[in-house]
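J.:
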Amino acid sequence: MNQPNDDTQVLGACPHDCPDTCSLLTTVKDGVATRVQGNPAHPLTGGVLCAKVSKYPERTYHPDRLLHPMKRVGPKGSGQFVRVGWDEALNDIAQRLSAIAARNPEAVLPYSYAGTMGLVQGDGMAARFFHRLGASRLDQTICSSAGTAGLVHTLGGKVGMKVQFFAEARLIVIWGSNSIGSNLHFWRIAQEAKRQGARLVCIDPRRSETAEKCHEHIALRPGTDAALALALMQQLIVHDWLDHDYIEHHTLGWAELRERALQWPPERAAEVCGVPVEQITRLAHDYAHSRPAAIRLNYGVQRVRGGANAVRAIACLPALTGAWRQRGGGILLSSSGQFPVQRQTLQRPDLLGERRPRLINMSTIGDALNQPASAAFGPALEAVVVYNSNPVAVAPDSARVAAGFAREDLFTVVLEHFQTDTADYADYLLPATTQLEHWDIHLAYGHTDVLLNRPAIAPLGEALPNSEIFRRLAQRMGYSDPCFAEEDETLCRQAFGDRIDYDQLLSQGFASLPLADAPFAEGGFPTPSGRCEFLSPALVAQGLDGLPDHLPNHELPDPAGPWPLAMISPPARNFLNSTFVNVTSLRNIETEPVLEIHPDDAGPRQIHSGDVVRVFNARGNYHCKAEVSERARPGVVNGLGIWWRKFGLNGTNVNELTSQALTDLGRGPTFYDCAVQVSRLG
Ligand code: SF4
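With the working numbering applied, the sequence shown covers -4 to 677.
1) Where P664 and P509 are concerned, what is the direct C-alpha to C-alpha distance, given to the nearest angstrom?
2) Tell me the DSSP bridge mates of G33?
3) Do you know how far the Cα of L247 is from the Cα of Y241?
4) Of all the options S358, M228, I326, H234, which has the alpha carbon lying nearest to the alpha carbon of L166?
5) Would DSSP call F334 helix, strand or coil?
6) By the DSSP assignment, the alpha helix (DSSP H) with D498 in it spans what residues?
7) For the ligand SF4, any of its heavy atoms closer than 7 Å to the Cβ of V578?
8) State buried or exposed for K157, treating a residue as buried only when at least 16 other CB atoms are found within 10 Å of its CB.
9) Between V270 and I213, what straight-line distance do the alpha-carbon atoms span, to the nearest angstrom?
10) Please tell me whether A97 and P374 are closer than 8 Å, where the distance is taken between their beta carbons.
11) Out of K71, F666, I88, A511, point me to the one whose CA is closest to L468's CA.
12) Alpha carbons only, please: which of H437, D606, L237, T143 is nearest the one belonging to L328?
13) Taking the alpha carbon of D435 as the point to measure from, which residue in L424, A421, N461, E411 has its own alpha carbon closest?
14) For D238, count neighbouring Cβ atoms within 10 angstroms of its own Cβ and tell me buried if that reaches 16, exposed if not.
15) For the stretch 290 to 306 against the stretch 132 to 142, are there 3 or more C-beta pairs whose distance is under 8 Å?
16) Return the first residue and the last residue of the alpha helix (DSSP H) that I232 is part of.
17) Give a single yes or no on whether C13 has its beta carbon closer than 7 Å to a heavy atom of the ligand SF4.
18) Suppose you measure from the CA of H433 to the CA of N569; what does that come to, to the nearest Å?
19) Looking at the ligand SF4, does it come within less than 7 Å of L678, judged from the CB to the closest heavy atom?
20) With 16 other CB atoms within 10 Å as the buried threshold, where does S369 fall?
21) Can you check which of these residues, G504, R582, A516, T359, is closest to Q135 by C-alpha distance?
22) I believe Y667 touches T647 by the beta-carbon criterion, under 8 Å. Please report the beta-carbon distance rounded to the nearest angstrom.
23) Measuring from the CB of S644, is there a heavy atom of the ligand SF4 at a distance below 7 Å?
24) Under 8 Å, with one C-beta from each stretch per pair, do the stretch 245 to 261 and the stretch 332 to 350 reach the 3-pair mark?
25) Would you give the residue range spanned by the alpha helix (DSSP H) that F181 belongs to?
26) In chain order, what residues of the same chain lie with their CB nearer than 8 Å to the CB of N178, ignoring the 5 residues before and after it?
27) Would you list, in sequence order, the uninterrupted alpha helix (DSSP H) runs of no fewer than 4 residues that lie entirely inside the stretch 447 to 480?
28) Using the C-alpha atoms, what's the distance from A162 back to Q190?
29) Output the residue ranges of the beta strand (DSSP E) runs that lie fully inside the stretch 303 to 333 and measure 3 residues or longer, sorted by chain position.
30) At 3 residues or longer, what runs of the beta strand (DSSP E) sit wholly inside the stretch 598 to 670?
31) Using 8 Å for Cβ pairs, my map puts V535 next to F491. What's the rounded Cβ distance?
32) What span of residues does the alpha helix (DSSP H) with L252 cover, start to end?
33) Under the criterion of a Cβ to heavy atom distance below 7 Å, does K71 qualify as lining the ligand SF4?
34) May I ask whether a heavy atom of the ligand SF4 can be found less than 7 Å away from the beta carbon of H239?
35) For I584, is the classification buried or exposed, using 16 other Cβ atoms within 10 angstroms of its Cβ as the cut-off for buried?
36) With a threshold of 6 Å on Cβ separation, who are the neighbours of L546 within its own chain once the five nearest residues in sequence on each side are excluded?
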C-alpha cells in the first residue's frame, strides 16, 4: 500500500452516509494523521467539515480500535473473543463458508450498507466474492428505497437540481430534513439564498435546529406529507397558479392528477396533517409566486407506510408551476442516479453465471434470521457476513434481530473498526481499515462531483481494507478468476472508466460531472415517456394506483388506546446512524439516550426533563432520559438515534420499538411509523 511522505496533506473523501460527500484534507506528520479538515479547493466542501468528521483522528486512533482478528470464545452475544492470526481466521472462515456453499450457497448472506459509501470498500471486491459464491443477494433497502421508487416513478431516477443553484432560489422548502445536522453544506447554500432575500420553510414533525432557523416551520404529523403536497396542488389548481405550457409539453397524467388533487382542499389536509389551514394556503401562494422555488427533500418523509407516495406527490410540484425552467428551481432528493458508475465491471454479476440467488430484504433481517427452511423462503440462513453495517443496532425490531444473531448455529463474520452491538455476536471479528488507511472512490447523493480517497496513513495494527479481506478469502476458497487479483487502485479506475478524468481526481481529489445547469428546463425526464409522470404507467401495469396519494401510517396513535403517541427517531446531531456513538468527545455532547416529549404530553404523565422514562409498545421497552421540549410536537415523541444498545440504559435502543412493516413501494423500512406509550420510571 502506498505510504505518503510525512508532513504532507493527503486528499480524501468523507465515506459516511451523508449527502455532502466532503473532500478531505488529512495532515500527516511522522506517519500519524494529526488533523482532518475540509478541502478549501472543493467548492461544495468549502474547507468546512461537520463536527463528527472533524474528530476523525480521534476515531481512527481510538483505544478501542480493532487491530487484530478475533475469534469468539464465550457464548453468542457475550462479546468475548481471543486474538488469532489472519491465516487461522481466514482459513477457518473459508472452510466454513465452503462447507455451507457445498450444500446450498444461498444459506450464506452478505449484510452491508453505507458504513462506507465508497465504491471499492463498499460493494466492490465484496460483491465479486459473493457473486462467485452464489450467496443470497441482499435487498439494500434500509435507508432510501421507498424514496428511490417514488423518484423513479415520477422523475425517472435519482435526479434533480444541482445543489449549488439553491443559492439562487427565492423560496426554499426544506422538507423532511434537519439540514444543519445531516446536510450541513446544503444549509450553507440555503443561508446564502437567505442573505439574498430567499424565504426558508421547513416541513418536519420535529422542531429541529434547522426548523427553528427557518422563517417558518410546518410541524405536520409523521406520515402526512403526501396529504400536504396534494393540498398544495389543489391550491395551485383552484387559483390557476399553474404553468400550463410546461404541464402540456412535459408531463403525463395531468387530467388524472388534477382530479385527485381537487379532493384535497386545505381544510382536509389540515385535519390530517395537524397544521393550520393558513400554513397550507400561505405555502401554496409562496410556492407559486416565488421564482425560482426549490424543494430540498430528504429521506425522513419516506420512512413511513406511504413513503414512496409522499415522494411522488412532492416531486410532482415543480412540474405544475414550471419551477424546473430555472436552474434555481425544482427539487433535489438524491443526485446519485446521475453518476455513470460502471457497476458491472466493479461488481461482476456475471460471476453468478446462470444462478439467480434469492433476494433477502435487509429491513426484515430480524424475520429472515429466524426463518426456518421452506419452499417459499429457501434454505435457512446458516452464515452471515456483515461489513459496513451494524444491524443489531440499526435494523428495525431489534430484539428480533438480536435473537436471530444469537442463534448458536449461525456462523457470523463481522468486518469492523470497533466492537459494535453486532460485533458482539460474531464468530470471527475482523479488523477493517478506516478511510484514512485505504483507497476508495465516491459518488455523492447531495451533489454531482466524484471524489477520490487516497490512503493517508498505513493501516493500524493488522487492519486490512475490506477489499483485501475478500481478496484473501477468495484465494482460500479457490477462486482463481483474475478479477480477484486486481488492486484497489485498479478498482478506483474501473468505477467510472473513461466517464471521468481520473488524472484530475489524482491531482485535485474531485471531478465534476458534465451536467446541464437546469436539467429539465425543456422536459427530457429519464422516465419511459420522457415526461414527469404524474400518472405512472409502470405502476398501473403492476395493478397499482398510478397517481400519488396519501396512505395513512401502519401505526396510527390512538389517544384512547394503548399506544397514544407517534414516535419518530431522527439522528442525534453528533452521530451518523450508529457511527461515532463510541467517540467519547461526541458522546459527551449527546450525554445519554434522549426522548423529546412535548409539555402537553409530559404533564399528564408527570414527566420532567431528566426523568428516566420507559418508552414501550408490543415489541419492547426502551429506557432513556426525557427532555420536555417543544422540539416535539404534541402527540409525537422524538427518540434520537441511533445509540448502540450496549450504551442504552436498559441495553436497548430506539429500534427495540420500530417494526418490520414495509413501505408502499421499494420494500423499505418504516422507522417513523411507530406508535408507543411513555411512562415515568424515576
Ligand atoms: S458526514 Fe457529511 S458533512 Fe460531515 S464530513 Fe462527511 S460528508 Fe461532510
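We put the beta carbon where it would ideally sit given N, CA and C, even for glycine.
T.: From the atom records:
1) Straight across, the Cα-Cα distance linking P664 with P509 is about 34 Å.
2) Answer by DSSP bridge pairing, in chain order: L19.
3) Cα-Cα distance, rounded: 11 Å.
4) When each option's Cα is compared against that of L166, the closest is I326.
5) When DSSP states are grouped into helix, strand and coil, F334 belongs to the coil group.
6) Its alpha helix (DSSP H) spans residues 497 to 503.
7) For the ligand SF4, not one heavy atom lies less than 7 Å from the Cβ of V578.
8) So K157 ends up on the buried side.
9) Cα to Cα, the separation comes out at about 7 Å.
10) No, the pair does not count as a contact, with Cβ atoms beyond the cut-off.
11) Measuring from the Cα of L468, the nearest candidate turns out to be I88.
12) Comparing Cα-Cα distances from L328 to each of H437, D606, L237, T143, the minimum goes to T143.
13) Ranking L424, A421, N461, E411 by Cα distance to D435 puts N461 first.
14) So D238 counts as buried.
15) When C-beta atoms of the stretch 290 to 306 are compared with those of the stretch 132 to 142, three or more pairs fall below 8 Å, so the two segments count as touching.
16) 220 to 233 is the extent of the alpha helix (DSSP H) around I232.
17) In terms of side-chain proximity, the C-beta atom of C13 is found nearer than 7 Å to a non-hydrogen atom of the ligand SF4.
18) Cα to Cα, H433 sits roughly 25 Å from N569.
19) The structure shown does not extend to residue 678, since the chain is modelled only from -4 through 677, so no value can be given for it.
20) It counts as exposed.
21) Looking at the Cα atoms, T359 is the closest of the given residues.
22) For a cut-off of 8 Å, the C-beta gap from Y667 to T647 is around 18 Å, too long to register as a contact.
23) A quick correction: the sequence has Leu, not Ser, at residue 644. Every heavy atom of the ligand SF4 is 7 Å or more from the Cβ of L644, so no.
24) The stretch 245 to 261 is not in contact with the stretch 332 to 350.
25) 179 to 190 is the span of the alpha helix (DSSP H), which, as asked, contains F181.
26) Hits under 8 Å: C13, P14, D15, S172, R291, N293, G441.
27) Inside the stretch 447 to 480, DSSP marks whole alpha helix (DSSP H) runs of 4 or more residues at positions 461 to 471, from first to last along the chain.
28) Correcting the residue identity first, residue 190 is Arg in this sequence and not Gln. Distance between the alpha carbons of R190 and A162 is about 9 Å.
29) 325 to 327, all fully within the stretch 303 to 333.
30) Taken in chain order, the complete beta strand (DSSP E) segments of 3 residues or longer contained in the stretch 598 to 670 are 607 to 612, 615 to 623, 631 to 634.
31) Not a contact, Cβ separation roughly 35 Å.
32) First-last of the alpha helix (DSSP H) with L252: 249 to 256.
33) The beta carbon of K71 sits no closer than 7 Å to any heavy atom of the ligand SF4.
34) Not under cutoff, so the answer is no.
35) Exposed.
36) Excluding sequence neighbours, L546 sits near R300, G301, N304, D659.
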